[in-house]
Amino acid sequence: MQDTLATTATGNCYSEGLKKVSGHTRLYRRGAVYYHRAVVPADIVDTYGKREELISLRTKDRAEALRKVRIKAVEIDNRFDEHRRSLRARDTVPIVDELSPDQIQAIKAIYHAHLLEEDEAVRLDGFREDHEVQPELPTPSFNDWEATTDELEKHVRQLRGRFRVEPHYEFEVNEVSEWPEVNLKVSPGTKAFKQFAAALQDATLQAFADMQSRNEGNYVATPDPKIELTRVCPKLSVVLEDWIKEKSKEDWTEATAKEHRVWAEQFMLLCGDRPINEYGKDDARRFKQVLLRLPSNWKKKAVLREMSIERAAETAVSLDIPSMSTTSVNKILRFVGSFWRWAQSHYDDIPGNLFDGLSLSTRRVQAKEERHPFTLAELSSLFTSTIYTGCKSAREWKKPGDVVLMTDAKYWVPVISLFTGARLNEILQLYVADVVEKHGVTCISINDDGEDKKLKTKSSKRDIPVHAELESLDFLKFVQNRKDEGSKRLFPETQVGPNGSYSGPFSKHFKRFMLEAGIERKGVSFHSFRHNFEDFCRAAGMNMDFADFLQGHMQVGMRSRYGYGEVFYRELNNAMQSLKFDGVDLSAIRMNSAVKFE
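Under the working numbering, think of the first position of the sequence shown as -9, with each following residue one higher.
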């Protein structure tokens, strides 16, 4: 009886004895009825639940069968592909502890349709009469079939009444849960597992009632349920950790991960920690509206820092505290949007990136929000200030004097950035050993080979040839001086800030430095050196592949074109030496280099 029940529910014991028919590789016939028959591919057969897809085409006409088998073959191939996708996605499907009412009803409908489809296939094959000799291929008589379904119905009712899950239904739960249209994970012994088994038993009893109605000559259609089973996806907090863990293994620094985490968690605190398939565009719009009212650095403002993000935004409006810039809002939207883009590619139930299309227009961004290069006059003001012409001391660098800070970060860091376009933190974290020779070219190696070093992205790791003019300003003598002192770092006097990088404290100094040099224009900062460097590259007609490499921008395919050998370094050095820094007054630095290290 158990074997019969298993056959009725999930398999088809009538595949033996089918005869191959010409016209299509999957066309078969038994008696007068045509079938589609396909062997389940080897890569999925162990998880598919059956070894072949045998489906009645419900016709005895060969021409119609040829038309139907082509359609069915495409459908089954799509089913195979869907199963492969579900296997890949199944690793991300969480184990369900309890089924929702909607999930239970969907399981019933899907399984009920499956059983009636099997029953219809048997009836289309036709029954033998009781007095007929049993053919070589087993074929039930109508009375046998009716008696079998009656007996099985009684057995299933007993199981359902006792709420028992016997081995057959344990097998069924495990198989049906993996069907692409179901795709749930339930563990034996849990409430969800028992609910699943009960749903299959209910569907079986409903199917037996419909089979009995068919036995009585009534028409009962085989349903084709177009049901999207509501899946239980992991919560945002869980997926968020997976995202950060994966991205950190790729190219995120600790600071980048922290920045993305902070804003993704603020989104979660605002909208709640829910299964990720339950979020919608409304949540993204709500988050955006809060950002539009939120001040920059709100966590550093005593009146706001203990508040939730939404309350802080409301309070800021009431206190007339200016909101953050358009650029900052867009930056945060990109941070959180990058998470949803990642989630969309990893989970089937995410309809799309919630933040697509929500960025603010930047066509009318105010000048204060833009970043500009320094003018040549501003650069000249910086490099003819007291730090380079002579100051009272390292501490009192604003006051004129006789001390030239040629061994201080205040002196060298802006100079290095002018001639390399390197980021502030990249320069401050340099080791003495990072000034190296590669294939005969003296370079500054930007790397993260040290516990206190961090890079923005993988492409930030690079070697920058030392420009001849930088060398003429005694940069290499300064490096040798540090080496002779036994110093590991090039700028040991600088310290790591609260954010884990060296750039924070120095940025504050550089703002004061600009003011002392008479630079009060909005939109300029230490980062402006990078814009100047790019302008110098363009003015020299440098190949932009090299310009991007020198600045640590992503270079797709550059390695395949040049490699990183002797030829590459020769060409990279030629590109670097082509730069001209005309218009920048470096006379004070040249004068210092003529006497200091002699």
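Each residue gets a CB set at the ideal place from its N, CA and C atoms; glycine is no exception.
Three-way DSSP call (helix, strand, coil) for residue i in this model
i: Thr432; result: strand
i: Pro455; result: strand
i: Glu510; result: coil
i: Arg57; result: helix
i: Ala211; result: coil
i: Glu592; result: No answer is possible for residue 592: it lies beyond the span of the chain, which begins at -9 and ends at 588.
i: Leu460; result: helix
i: Ser46; result: strand
i: Glu475; result: coil
i: Glu368; result: helix
i: Ala111; result: helix
i: Arg19; result: strand
i: Ala28; result: strand
i: Cys223; result: coil
i: Glu416; result: helix
i: Lys175; result: strand
i: Ile85; result: strand
i: Val307; result: helix
i: Pro170; result: coil
i: Lys9; result: strand
i: Tyr269; result: coil
i: Glu427; result: strand
Among the options, nearest to residue i - alpha-carbon criterion
i: Phe465; options: Lys451, Val431, Phe409, Leu505; result: Phe409
i: Tyr101; options: Leu190, Val64, Leu174; result: Leu190
i: Lys591; options: Ala53, Glu110, Asn563; result: Here the chain comprises residues numbered -9 to 588, so residue 591 is not present and cannot be evaluated.
i: Gln419; options: Ile436, Glu506, Glu110, Lys473; result: Ile436
i: Met201; options: Val112, Lys239, Val557; result: Val112
i: Val30; options: Arg60, Ile61, Glu72; result: Glu72
i: Phe618; options: Glu65, Leu480, Ser518, Asn489; result: Lying before the first or after the last residue shown, residue 618 is absent from the chain, which here runs from -9 to 588.
i: Arg16; options: Tyr38, Lys62, Val23, Ala22; result: Lys62
i: Arg528; options: Leu480, Lys570, Glu386, Val229; result: Lys570
i: Gln279; options: Ala199, Ala22, Thr316; result: Thr316
i: Pro363; options: Arg324, Lys388, Lys321, Ser407; result: Ser407
i: Pro157; options: Asn471, Leu174, Lys184, Val172; result: Lys184
i: Glu171; options: Ala187, Tyr159, Trp233, Lys98; result: Lys98
i: Met504; options: Ile579, Arg74, Lys388, Thr180; result: Lys388
Anticipated Cβ contact below 8 Å, residue i with residue j, distance rounded
i: Arg27; j: Val35; result: About 15 Å separates the two Cβ atoms, so there is no contact after all.
i: Tyr269; j: Leu344; result: 6 Å
i: Gly411; j: Leu540; result: 6 Å
i: Ser497; j: Phe516; result: 6 Å
i: Ile45; j: Tyr25; result: 7 Å
i: Leu348; j: Leu323; result: 6 Å
i: Leu260; j: Val319; result: Rounded, the Cβ-Cβ distance is 15 Å, inconsistent with contact.
i: Ser370; j: Asp575; result: 4 Å
i: Asp439; j: Leu445; result: The Cβ separation is near 10 Å, so there is no contact.
i: Glu165; j: Gly21; result: In fact, because the Cβ distance is near 29 Å, the residues do not count as touching under 8 Å.
Buried versus exposed call for residue i [16 or more other C-beta atoms within 10 Å across all chains shown]
i: Asn68; result: exposed
i: Leu127; result: Legend: pLDDT at Leu127 = 42, less than 50; position of this residue unreliable, value from coordinates given subsequently. Burial call: exposed.
i: Asn208; result: exposed
i: Val422; result: buried
i: Met314; result: buried
i: Phe277; result: buried
i: Ser227; result: exposed
i: Glu65; result: exposed
i: Gln485; result: exposed
i: Ile85; result: exposed
i: Pro178; result: exposed
i: Val293; result: exposed
i: Ala187; result: buried
Length of the line joining the Cα atoms of residue i and residue j
i: Gln95; j: His543; result: 53 Å
i: Gln196; j: Arg204; result: 13 Å
i: Lys10; j: Asp51; result: 15 Å
i: Ala302; j: Leu309; result: 10 Å
i: Ile377; j: Asp339; result: 60 Å
i: Ser450; j: Met297; result: 37 Å
i: Leu414; j: Ser90; result: 54 Å
i: Asn533; j: Glu240; result: 28 Å
i: Ala530; j: Glu231; result: 46 Å
i: Ser462; j: Arg511; result: 31 Å
i: Pro224; j: Ala333; result: 11 Å
i: Ala367; j: Glu475; result: 36 Å
i: Ala211; j: Phe198; result: 13 Å
i: Ser335; j: Thr447; result: 22 Å
i: Glu236; j: Phe329; result: 11 Å
i: Ser577; j: Asp346; result: 51 Å
i: Glu107; j: Glu43; result: 13 Å
i: Val393; j: Ser383; result: 6 Å
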